[in-house]
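UniProt numbering applies: residue 1 is where the sequence shown begins, and numbers increase by one. Even for Gly, the Cβ is constructed at its ideal location relative to N, Cα and C. The structure presented is a predicted model; accordingly, all values stated were derived computationally and were not measured.
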Amino acid sequence: MKNKLILFGLFFALLQATVYGKRNEPDPSIIDEPLKINVDAGKERDSCMSLAKTIEEKQSLIDDALKRMTAKIEALEERITAEAKATEDRCTQRMTAEAKATEERWNQRLSEAMKTAEGR
Numbered sequence: 001m002k003n004k005l006i007l008f009g010l011f012f013a014l015l016q017a018t019v020y021g022k023r024n025e026p027d028p029s030i031i032d033e034p035l036k037i038n039v040d041a042g043k044e045r046d047s048c049m050s051l052a053k054t055i056e057e058k059q060s061l062i063d064d065a066l067k068r069m070t071a072k073i074e075a076l077e078e079r080i081t082a083e084a085k086a087t088e089d090r091c092t093q094r095m096t097a098e099a100k101a102t103e104e105r106w107n108q109r110l111s112e113a114m115k116t117a118e119g120r
């Protein structure tokens, strides 16, 4: 217990010395000297140029991908249009053939009905 009190006393003394010692030093926010910021302009310029080059390369890649996608979409559109036209033509031919067959059946039935009516 005695050692703890001694340690606590030393700690308290050091804390007071630290606080009161800093009071004698001027506050850095009140110093009248101008603030100096050193900037490595060459490094910043190189960094900006590197970033611009990277952005340009990525934009070029995106443009190339867009061109490829556009070409693929146009080819797909042409293929789908051709398939739709072919399907439409097949359907039209089937419907025309079906309509002709139906017309022939009805004409045949009509002529048979007329023959039957004449025979009565």
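- DSSP places ASN107 within a helical segment (H, G or I) once states are collapsed to three.
- Rounded to the nearest whole angstrom, the C-alpha separation of LEU14 and LYS4 is 15 angstroms.
- The three-state reading of DSSP puts ASP63 in helix, counting H, G and I together.
- Rounded to whole angstroms, the gap between the alpha carbons of ILE55 and ARG45 is 15 angstroms.
- Between the alpha carbons of ILE73 and THR92 lies a distance of about 28 angstroms.
- Between the C-alpha atoms of GLN16 and LEU10 there is a straight-line separation of about 10 angstroms.
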